[in-house]
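S.K.: Residue 101 is where the sequence shown starts when you use this note's numbering, and the numbers rise one by one after that.
Where a beta carbon is used, it is the ideal one built from N, C-alpha and C, also for glycine.
Nothing here was measured: the structure is a model prediction, and the numbers come from that model.
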Amino acid sequence: KINDDHNHPSEKETIEVRDFRENIKQRAINETTPIPRIYDEECAKAKLSDTTTVILPSGREMNSAINKARRASTPTIPTTQLFDIPEPFTKTLHDDDFLIVDKMITRRQRILLFASREQLKMLLGADTILMDGTFSTCPTQVDQNGRFRPT
101 KINDDHNHPS EKETIEVRDF RENIKQRAIN ETTPIPRIYD EECAKAKLSD TTTVILPSGR
161 EMNSAINKAR RASTPTIPTT QLFDIPEPFT KTLHDDDFLI VDKMITRRQR ILLFASREQL
221 KMLLGADTIL MDGTFSTCPT QVDQNGRFRP T
């Protein structure tokens, strides 16, 4: 609405922006899809008026609040080896298995192996496999993070 020099979005556009933000926030909380992808998908499927599109916050403007909402619903880093891995962290974005091995060796030793089916095919089909072990950046309860890379 425009009255003299006073210019602001109407109630309809404000509600559309609020609903758009809420859709992105809920998806970020309930999915592991990267936030920029969520934003792009919601933009593509939203049926917004031209006025609403103009006042819509950018992904960058929304990033901090959406990340904060996601972090609030993300489990804390465990302090022992005895913890359950929530299902969303055991699947790929296409709902394929991602947690391949979860084995307790002793009370203080546990092996977790994450890989998609495609990654395993690449690894097993490689002539040479490089291994990179990371010690200094591991959480205190982890002895080593390892990464295999086929060449």
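(1) Would you identify the three-state DSSP class for residue 120, choosing helix, strand or coil?
(2) In whole angstroms, give me the CA-to-CA distance for residue 160 and residue 127.
(3) Which residue spans inside the region 207 to 232 form an unbroken alpha helix (DSSP H) run of at least 4?
(4) So, at 7 Å on beta carbons, what are the nonlocal neighbours of residue 216 in its own chain, with the 5 sequence-adjacent residues on each side left out?
(5) Compare the beta carbon distance of residue 219 and residue 204 with 9 Å and say whether it is the shorter of the two.
(6) Which residues mark the beginning and the end of the alpha helix (DSSP H) in which residue 136 is found?
(7) Look up residue 101 in the DSSP assignment and say whether it is helix, strand or coil.
(8) In terms of residues, what are the limits of the beta strand (DSSP E) holding residue 250?
(9) Would you decide whether residue 122 is buried or exposed? Buried here means 16 or more other CB atoms lie within 10 Å of its CB.
(10) Is DSSP giving residue 197 helix, strand or coil here?
M.R.: Taking the geometry as given:
(1) Assignment of residue 120 by DSSP, reduced to helix, strand and coil, places it in the helix class.
(2) 17 Å
(3) Within the region 207 to 232, the complete alpha helix (DSSP H) runs of at least 4 residues are 217 to 224.
(4) 192, 196 and 198
(5) no
(6) 135 to 145
(7) In this predicted model, residue 101 has a pLDDT of only 49, less than 50, meaning its place in the structure is not dependable; the value taken from the coordinates is given anyway. Coil.
(8) 245 to 250
(9) exposed
(10) strand
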